[in-house]
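All remarks here apply to the structure that follows.
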């Protein structure tokens, strides 16, 4: 597989890693209504699911970055390339599952949280790429 395809695959995974928690936050009221779970409990469930996604995604993307980019500095393009994939995911999800019930619209503070995530996420990607690049080729010593 070419480096270009690997870089785009990693960028698509980065986008999906952010897409899941954002969509869970945006659809809090819809999920609560459809599952008949109290909103306070749903907030806890979504927080735990988002944290699990972040932890497992960080570990998986660190390993994937270390394995696929072969120590190339051009892997830092994923700091920018994730965004078009994220827009595509959001557009597709909103097209397939539109909000038809007014009570399902997210609260006013959700937009600020999403903006903060979108601003800080490239820094997160940069650090994963830097760590993957720094650890490329280094094997753990046998005890």
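Numbering (this note's numbering), first residue to last: -8 to 134.
Don't be surprised by glycine CBs; every beta carbon is placed ideally from N, CA and C.
A quick note: this is a predicted structure, and the numbers were derived from the prediction, not measured.
Rounded C-alpha distance that separates residue i from residue j
i          : j           : result
residue 65 : residue 80  : 24 angstroms
residue 70 : residue 47  : 19 angstroms
residue 40 : residue 77  : 19 angstroms
residue 11 : residue 60  : 25 angstroms
residue 32 : residue 9   : 22 angstroms
residue 96 : residue 29  : 17 angstroms
residue 53 : residue 123 : 6 angstroms
residue 4  : residue 94  : 31 angstroms
residue 74 : residue 6   : 7 angstroms
Which of helix, strand or coil DSSP assigns to residue i
i          : result
residue 99 : helix
residue 44 : helix
residue 88 : coil
residue 29 : coil
Rounded Cβ spacing between residue i and residue j (contact assumed at less than 8 angstroms)
i          : j          : result
residue 34 : residue 19 : 7 angstroms
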